[in-house]
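Colleague: Got a structure here, written out as structure tokens. Questions coming.
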Amino acid sequence: MSIELPEAYILAQQMNRELRGKEIVNFNLQNHEKLQRLGFINKDSSAFNRLRGGRIESVVSRGNVIRVKLDNGMNLILAPEYGGKILYSTENGSIPDKFHLSVNFTDNSRLTVTLSGMGIIQALKDEELEHSYVYKRDFSSTISPIDDAEFTFERFSKELVSRNVNIKTVLVGKDAVLVGLSNSAFQDILYHAEIHPKRKASDLNVSERHALHDAIKLVIQERIKLGGKTQFMDLYGKQGTYTAAMGPNVKDETCKTCGVKVEKLSLGGGQTYFCPKCQK
Ligand SMILES: [Zn+2]
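Numbering (my numbering), first residue to last: 241 to 520.
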């Protein structure tokens with residue numbers, strides 16, 4: 241249920257189509273106290289009062305973060321990175337029993353947001369956006385792998401060559417050269433690129449760097465095309481159909497390409513599954 245780059249992109253596209261032009265009349269926060277203490281939601285609930293009367297101008301995502309921009313200088317920043325749901329319902333549609341934030345529009349349609357793991361729901365003025373850790377992290381100068389103009393082979397290749405560290409450090413986490421890739425995406429990408437997870441970025445030859453660049457695009461595009469991961473639910477409650485090619489779901493299974501048993505190793509604070517034959 242984690243919402244990562246492909247899923248955040250799907251939601252932002254749907255929200256932009258569905259919600260643009262709608263005016264916010266009020267909001268409800270529920271079961272939010274604990275999340276406020278953890279810093280997942282504005283500590284002061286009255287921050288959300290400022291959404292009232294705002295009209296949705298645009299919804300965009302970058303990395304794992306969704307920015308709902310209003311025409312009154314306010315924003316709703318949503319990032320259910322470790323689990324959550326963002327659902328839309330029309331006037332007569334049902335809404336989930338449990339949610340953390342419901343945004344109600346003048347036409348009686350609603351947007352509900354529920355966090356089921358670490359994540360962010362913040363109401364922020366334009367000038368306060370820089371105070372949001374996730375906004376600053378993903379709406380940054382770091383390359384977005386979904387943006388073809390930024391994610392060129394030349395630029396990516398230069399980053400790889402200059403890093404004498406494990407590929408995972410370059411692709412996932414706070415020192416990554418790209419935004420929005422998770423451990424789960426990392427395993428699929430390396431499997432498609434046929435690269436062993438223990439390799440160092442600077443040691444990849446040019447054809448391996450090309451394979452890695454292509455695999456990143458492929459995995460992201462497939463996840464978007466198939467409506468997100470199977471645990472994911474889109475804005476309309478529709479489940480995704482993308483199954484990971486490599487990961488805990490293929491534990492004890494054999495590689496679909498070569499038939500050799502899938503192995504795992506510990507890497508950078510997580511388990512990494514891989515094919516010892518295909519991935520060199
Ligand atoms: Zn294999």
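Ideal Cβ positions, reconstructed from N, Cα and C, are used throughout, including at glycine. All values derive from a computational prediction rather than experimental measurement.
Please look up how many angstroms separate the CB atoms of VAL419 and ARG302, rounded, as I've assumed it's under 8 Å.
Modeller: The beta-carbon separation of VAL419 and ARG302, rounded to 6 Å, stays under the 8 Å limit for a contact.
Colleague: Would the beta-carbon of GLY487 be found less than 8 Å away from any heavy atom of ligand 1?
Modeller: no
Colleague: Would you mind giving the Cβ-Cβ distance between GLY383 and LEU245, rounded to the nearest angstrom? I have them listed as a contact below 8 Å.
Modeller: It should be pointed out that residue 383 corresponds to Ile in this sequence rather than to Gly. Not really, about 12 Å apart at Cβ, beyond 8 Å.
Colleague: Counting C-beta neighbours from all protein chains within 10 Å, is the total for HIS453 16 or more, i.e. buried, or is it exposed?
Modeller: buried
Colleague: Rounded to whole angstroms, what's the CA-CA distance from PRO385 to ALA248? Just pull it up for me.
Modeller: Taking the straight line joining both Cα atoms gives about 13 Å.
Colleague: Going by the C-beta, is THR470 closer than 8 Å to any heavy atom of ligand 1?
Modeller: no
Colleague: Considering only heavy atoms of ligand 1 and the C-beta of each residue, which residues fall inside 6 Å, strictly closer?
Modeller: CYS495, THR497, CYS498, VAL500, CYS515, LYS517 and CYS518
Colleague: Please say whether GLU394 and VAL417 have beta carbons closer to each other than 9 Å?
Modeller: no
Colleague: Three Cβ pairs or more, each shorter than 8 Å: is that satisfied between the region 271-278 and the region 313-330?
Modeller: no
Colleague: For SER298, name the three-state secondary structure that DSSP assigns.
Modeller: The answer is strand: DSSP assigns SER298 an E or B state.
Colleague: Which whole-angstrom value is the C-beta distance of SER342 and THR352, which I expect to be below 8 Å?
Modeller: 5 Å
Colleague: Taking contact to mean at least 3 C-beta pairs separated by less than 8 Å, is the region 490-498 in contact with the region 467-477?
Modeller: no
Colleague: Taking GLY359 as the reference, give the member of ALA441, PRO320, PHE396 and ASP337 with the closest Cα.
Modeller: That would be PRO320, whose Cα lies nearest to the Cα of GLY359.
Colleague: According to the neighbour-count rule (16 or more other Cβ atoms, all chains shown, within 10 Å of its Cβ), is THR483 buried or exposed?
Modeller: exposed
Colleague: From what residue to what residue does the alpha helix (DSSP H) around GLU273 run?
Modeller: 273-277
Colleague: Which two residues bound the contiguous beta strand (DSSP E) that contains GLU462?
Modeller: Taken as a continuous stretch (DSSP letters only), GLU462 belongs to no beta strand (DSSP E), being part of the alpha helix (DSSP H) at 446-465.
Colleague: Quick one: Cα of ASP492 to Cα of VAL502, how far?
Modeller: Taking the CA atoms as reference points, ASP492 sits about 7 Å from VAL502.
Colleague: So the beta strand (DSSP E) ALA363 belongs to, where does it begin and stop?
Modeller: 360-365
Colleague: Near THR346, which residues of its chain fall below 6 Å by C-beta distance, leaving aside the five closest residues on each side in sequence?
Modeller: GLU263 and VAL265
Colleague: Can you give me the C-alpha to C-alpha distance between GLU367 and THR494, rounded to a whole angstrom?
Modeller: Distance from the CA atom of GLU367 to the CA atom of THR494, rounded to whole angstroms, is 52 Å.
Colleague: Using the C-alpha atoms, what's the distance from LYS309 back to ILE296?
Modeller: Computed Cα separation, rounded: 6 Å.
Colleague: With distances taken between CB atoms, is the gap from LEU430 to ALA455 smaller than 9 Å?
Modeller: yes
Colleague: Comparing C-alpha positions only, which one of ASP284, LYS274 and ALA287 sits nearest to GLY357?
Modeller: LYS274
Colleague: Bridge partners of ALA319, per DSSP?
Modeller: ILE360
Colleague: Under DSSP, the alpha helix (DSSP H) around GLU258 begins and ends at which residues?
Modeller: 245-259
Colleague: My parser needs the alpha helix (DSSP H) runs of 4 or more residues fully inside the region 386-447; what are they?
Modeller: Secondary structure within the region 386-447: the alpha helix (DSSP H) runs of 4 or more consecutive residues, fully enclosed, are 393-401, 407-411 and 423-433 (chain order).
Colleague: Closest by CA to TYR540, which one among LEU318, GLY333, SER334 and ILE407?
Modeller: An answer regarding residue 540 cannot be provided, because it is not within the stretch 241 to 520 covered by the chain.
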